[in-house]
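Note that the protein sequences, when read in sequence, are chains A and B. Here the numbering used here is used: the first residue of the first sequence is 5, the next is one more, and so on. Here the numbering used here is used: the first residue of the second sequence is 11, the next is one more, and so on. We treat Cβ as the ideally placed atom computed from N, Cα and C, and that holds for glycine. One structure is given below, encoded as structure tokens.
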Amino acid sequence: NAGVTQTPKFQVLKTGQSMTLQCAQDMNHNSMYWYRQDPGMGLRLIYYSASEGTTDKGEVPNGYNVSRLNKREFSLRLESAAPSQTSVYFCASSEGGIGSYEQYFGPGTRLTVT
Amino acid sequence: AQSVAQPEDQVNVAEGNPLTVKCTYSVSGNPYLFWYVQYPNRGLQFLLKYITGDNLVKGSYGFEAEFNKSQTSFHLKKPSALVSDSALYFCAVRPQAARQLTFGSGTQLTVLP
């Protein structure tokens, strides 16, 4: 069981470039999430997918798009990167959305936008 | 909207001493409460959760947390700290009817040998 995997681990972009962060889970979880982590701010939810075929905005969705490709995969796209999007991005999954389910996190992608 | 406060950015404790990492929350209705730990350059790992029932919850690696409804707190505790417990700890809350989990800003725990 690999759990939650993310690619790439590191990325440097120039302002205005685009990229897609990939996430996959092998735990047959229904719900998946994208967070960003900034110093002193904890984790903030960007988008989530409660189940295959659905996506919803979180706390900080501006500048991002997501695709729930299938039950296993949930990608995050930056269409035109900005320096404010420099952050560490975490993907997570959980068995369900509503309920006491804990979330399982990937190792993160460290993104720098210059 | 729900919120979580971790009032201490940094907690230092000597190895073998008890440790406490504080968390208070604000939420409408009954909450689910979680503690996660993050080691350097790693993702978050689940430690324990409060759902309902017994106010003292036991979790991984000897950690426990006490739910106090009147003080809206969910402090993380361990009777005897280890150097290997040094990490960043996050408290999180979700109302029972909601999908979104809200995290605190994190507390850096350093256990001194």
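The Cβ-Cβ distance between residue 23(A) and residue 10(A) does not fall below 8 Å. Using a CB distance cut-off of 8 Å, residue 106(A) counts as an interface residue toward chain B.
Using a Cβ distance threshold of 8 Å, residue 77(A) and residue 27(A) count as a contacting pair. Taking 8 Å as the cut-off between beta carbons, the residues of the region 17-34 of chain B near chain A are 19, in sequence order.
In the DSSP assignment, residue 24(B) is bridged to 122(B). A Cβ of chain A is located within less than 8 Å of the beta carbon of residue 44(B).
The continuous beta strand (DSSP E) containing residue 94(A) extends over residues 91-98. Listed by position along chain A, the residues whose Cβ is nearer than 7 Å to that of residue 115(B) are 44, 45 and 46.
Measuring C-alpha to C-alpha distances from residue 31(A) to each of 20(A), 113(A), 96(A) and 118(A) identifies 96(A) as the nearest. According to DSSP, residue 30(B) shares a beta bridge with 87(B).
Within the region 50-90 of chain A, the complete beta strand (DSSP E) segments of 3 residues or longer fall at 68-72 and 78-82, listed in chain order.
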